[in-house]
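Accompanying notes for the structure given below.
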Amino acid sequence: MANSDNRAVGVDVGGTGMKAGIVDLDSGELLSDRVRIDTPEGAQPADVLATVRALLDLLGPDADALPLGICFPTIVKGGRTLSAANVSKEWIGFEAEKFFEDGLGRDIHFVNDADAAGLAELRYGGAKGKPGLTILTTLGTGIGSAFLYEGKLVPNTELGHLIWKGDSIERYASATARERDGLTWEKWAHRLQKFYDHIEFLFSPDLILVGGGVSKNPEKFMPLITTRAEFTTATHRNNAGIIGAASLAKTDDEYLRELSGPAA
Numbered sequence: 001m002a003n004s005d006n007r008a009v010g011v012d013v014g015g016t017g018m019k020a021g022i023v024d025l026d027s028g029e030l031l032s033d034r035v036r037i038d039t040p041e042g043a044q045p046a047d048v049l050a051t052v053r054a055l056l057d058l059l060g061p062d063a064d065a066l067p068l069g070i071c072f073p074t075i076v077k078g079g080r081t082l083s084a085a086n087v088s089k090e091w092i093g094f095e096a097e098k099f100f101e102d103g104l105g106r107d108i109h110f111v112n113d114a115d116a117a118g119l120a121e122l123r124y125g126g127a128k129g130k131p132g133l134t135i136l137t138t139l140g141t142g143i144g145s146a147f148l149y150e151g152k153l154v155p156n157t158e159l160g161h162l163i164w165k166g167d168s169i170e171r172y173a174s175a176t177a178r179e180r181d182g183l184t185w186e187k188w189a190h191r192l193q194k195f196y197d198h199i200e201f202l203f204s205p206d207l208i209l210v211g212g213g214v215s216k217n218p219e220k221f222m223p224l225i226t227t228r229a230e231f232t233t234a235t236h237r238n239n240a241g242i243i244g245a246a247s248l249a250k251t252d253d254e255y256l257r258e259l260s261g262p263a264a
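Going by this note's numbering, the first residue of the sequence shown is number 1, and it counts up by one from there.
The structure is reproduced here in structure tokens:
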């Protein structure tokens, strides 16, 4: 296994499942098996914290001494969670970063889940070195998004909450909506087409990346969708949140320059 200086733990808290792994910060590859536990029903703070502890236990004692990043499916600003679409309303305005640090007895790095996935793609994946605007969309319990412009992450975009028929479009077009409504892949792709048409009209991206749980089955729906922009799966697919959260531990000057974009 790589030197501890080049490793970190990433924890990805989702609306349906919580996942973790040990990541090589040089390559962006998982060095451990990915461990997963279902998100506790209601996703209340104490239960989520207990599940994070359980995930870290599953990774073994090697994870205890490594830097830790956690990504979370809400707007995150200044360590606070400011929304709660697929978790308990208790998270709204909650000092989540401090809560996890106190509960785990260690420092953490804390970020929105789709932004973490975006960082993984920016540093190690499909958005690395790409000019213009890349939009990553994560299709799962909801729809997450990350804007990556000329090497910079624009945080806390929430394209899943664009309004469609009076509600957030993720209620209509997420992977959960496909399962809830018993849609065929073709009918779900028809809904996704409306989502991506709307995104392209508003933002004219140069590249659209698709991540989240369904990205392991791209052949079932992606060929049915037409976009002006290049349209492809995220390199790290459903591991991107883990990798991006862990990558926050790498704060050397070179990495900071990459995240701040090219010099003027």
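Glycine included, C-beta positions come from ideal geometry on N, C-alpha and C. Quick caveat, the model's predicted, so the values are computed rather than measured.
Segment contact, 8 Å Cβ cut-off, at least three pairs: the segment 167-176 with the segment 235-243 | no
Label Lys19 either buried or exposed according to how many other C-beta atoms from any shown protein chain fall within 10 Å of its C-beta, with 16 as the threshold for buried.
-> buried
Could you tell me which residues DSSP pairs with Arg36 in its beta bridges?
-> Lys19
Using alpha carbons as the reference points, say which of Glu95, Trp185, Phe100, Ala120 lies closest to Lys220.
-> Trp185
Do the CB positions of Ser204 and Thr233 come within less than 8 Å of each other?
-> no
Cβ pair Val210, Pro223 closer than 8 Å | no
Rank Asp113, Lys250, Ala245 by C-alpha distance to the C-alpha of Gly10 and give the top, closest one.
-> Ala245
Please say whether Ser247 and Ala120 have beta carbons closer to each other than 8 Å?
-> yes
Relative to the C-alpha of Gly15, which residue among Pro45, Asp24, Arg34, Lys187 is closest?
-> Pro45
Residues in its own chain within less than 7 Å of Ala146 by CB, not counting five upstream and five downstream?
-> Ala114, Asp115, Ala117, Gly118, Leu136, Leu153, Thr157
Tell me whether Ile208 is buried or exposed, calling it buried when 16 or more other Cβ atoms sit within 10 Å of its Cβ.
-> buried
Report the rounded CA-to-CA distance for Lys187 versus Glu41, giving the unit in angstroms.
-> 29 Å
Have a look at Asn6, Glu29, Arg53, Gly17 and flag the residue whose alpha-carbon is nearest the alpha-carbon of His236.
-> Glu29
So which of Ile143, Thr74, Ser27 has the shortest CA-CA distance to Asn6?
-> Ser27
Going by beta carbon distance, what residues of the same chain come within less than 8 Å of Arg34, once the five residues before and after it are set aside?
-> Lys19, Ala20, Gly21, Asn239, Ile242
Around the Cβ of Leu59, are there at least 16 other Cβ atoms within 10 angstroms (buried) or fewer (exposed)?
-> buried
Helix, strand or coil at Phe110 according to DSSP, with G and I counted as helix = strand
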